[in-house]
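Visitor: FYI, in my numbering the residues of the sequence shown are 13 to 269.
Glycine residues also receive a C-beta, built at the ideal position from the N, C-alpha and C atoms.
Here the structure is a predicted model, which is why all the values come from computation and not from measurement.
Quick one: this structure, given as C-alpha cells, is what I'll be asking you about.
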Amino acid sequence: MRKRHIVPGVDAESLIKDAVRIMPDPMRRNFLRGAASLGALTFLTGCDIIDSDAAEGVLRKISEFNDAAQAAIFSRAKLAPVYPESAITRPFPFNGYYDEDDAPVVDGKTYKLEVSGLVENKKPWTLDELYALPQVSQITRHICVEGWSAIGSWQGATLSEFLKRVGADTRAKYIWFKCAEGYTNTIDMPTALHPQTQMTFKFDNKILPRSYGFPMKIRMPTKLGYKNPKYVVAMEVTNVDHGGYWEDQGYNWFGGS
Ligand SMILES: Nc1nc2c(c(=O)[nH]1)N[C@H]1C(S)=C(S)[C@@H](COP(=O)(O)O)O[C@H]1N2
Ligand SMILES: [Mo]
C-alpha cells in the first residue's frame with residue numbers, strides 16, 4: 013500500500029491509529045464503524061488535514077503520543093515562554109530517580125566533558141574551557157510529567173554554539189547524553205539546535221548546585237523535565253537512537269513540553 017504523507021515523516025496510518033486513541037468514545041465508535049480513513053478523520057475533526065494549515069491543530073492533539081507528529085510541528089523559531097525574575101519558584105524543586113542526598117557528587121577540578129561521534133574535534137572539555145564560552149540566560153518553566161512545574165533561572169552557553177565549536181555534523185539525527193550516575197537521554201537534532209537549548213552551568217546566576225546538576229546540565233524549555241539531563245559527563249552526535257532512562261520505560265521519546 014502506498015503511504016500517504018500529510019506532513020513529512022508522518023504517515024496517515026499511524027496518525028489514524030493515534031487519533032483513535034484520543035477520540036472521545038461515541039466519536040471513536042462511529043469512526044471505527046465507518047471507514048476509519050483519513051477522509052473520515054478529516055470529516056470528524058472538521059479540517060482538511062491533507063493540505064492545509066489546519067493539519068497543525070489535529071497534529072497538536074495527536075502529538076501527545078506520536079513522536080513523528082511532535083517532531084513535524086516542532087519549530088526552531090518558536091520560543092518557549094520566558095518570565096520575569098519575580099516569577100522564579102523559590103526554592104526550586106529537586107527531582108531524580110533517587111533522594112536528593114544521593115545525588116551524584118562531581119569533582120569540578122577533574123571534570124572533563126567527553127565529546128564523541130560525528131564531530132570534527134573529540135577533545136574533552138574542562139570546566140574552565142566551558143565557562144569561557146559566550147554566556148546566555150533564560151528564565152523559563154520546567155514541566156515534570158509527575159505533575160509539577162516550576163520557573164527557574166539558568167545561565168550557560170547555547171548548545172548550538174558548542175556544537176559549532178566542536179564541528180558537529182548537524183545533519184546527524186540525534187545527540188545522546190550520559191550523566192554521572194548513569195542517567196541517559198537522546199534528543200533530536202532540531203531541539204539541540206533550538207536557540208533556547210542551553211548547556212547550563214549556573215542556576216540563578218550562581219554555580220549550578222549539586223541538586224540541579226553540577227557541573228553541567230542541558231536545559232531545554234521546549235522539552236519535559238525528564239528530557240533535561242543533569243550531571244552530564246559525555247555526549248555523542250549520532251544517527252543511532254540510544255534511548256534514555258525514562259524513555260526506555262515507556263515515557264514518550266520526543267517529550268515536548
Ligand atoms: N542525571 C539526571 N538527570 C535528570 C534526572 C535524573 O534523575 N538524573 N531526572 C529528570 C527529571 S524527571 C526531572 S523533572 C529533572 C529535575 O531537575 P531539577 O532537580 O533541577 O528540578 O531532571 C531530569 N534530569
Ligand atoms: Mo520529571
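Is any heavy atom of ligand 1 found at a distance shorter than 8 angstroms from the C-beta of ALA126?
Guide: It should be noted that the sequence gives Glu, not Ala, for residue 126. For ligand 1, no non-hydrogen atom lies closer than 8 angstroms to the CB of GLU126.
Visitor: Does the pairing of the segment 127-137 with the segment 246-259 give three or more beta-carbon distances under 8 angstroms?
Guide: yes
Visitor: Taking a contact to mean a Cβ-Cβ separation below 9 angstroms, would you say LEU142 touches ALA99 in this structure?
Guide: no
Visitor: Just to confirm the assignment: which complete alpha helix (DSSP H) runs, minimum length 4, are found wholly within the segment 168-205?
Guide: Whole alpha helix (DSSP H) segments, 4+ residues: 171-177, 201-204.
Visitor: So, under 8 angstroms CB-CB, MET211 and MET228 are touching, yes? Tell me the CB distance rounded to an integer number of Å.
Guide: 6 angstroms
Visitor: Relative to the C-alpha of LEU236, which candidate in LYS185, THR101, GLY267 has its C-alpha closest?
Guide: GLY267
Visitor: Output yes or no for whether 9 angstroms exceeds the beta carbon distance between PRO105 and ALA162.
Guide: Contact: yes.
Visitor: Quick one: is ALA192 buried, meaning 16 or more other Cβ sit within 10 Å of its Cβ, or exposed?
Guide: buried
Visitor: Considering Cα atoms alone, identify which of GLN150, CYS156, ARG33 is closest to LYS239.
Guide: CYS156
Visitor: Which value, in whole angstroms, describes the spacing of the CA atoms of LEU171 and PRO116?
Guide: 23 angstroms
Visitor: So does GLY108 have its beta carbon nearer than 8 angstroms to some heavy atom of ligand 1?
Guide: yes
Visitor: On the DSSP bridge assignment, give the partners of GLY129 in chain order.
Guide: VAL249
Visitor: Would a C-beta distance cut-off of 9 angstroms place GLY167 and PHE226 closer than the cut-off?
Guide: Inspection of the sequence shows that residue 167 is occupied by Gln rather than by Gly. The answer is no: Cβ separation not under 9 angstroms.
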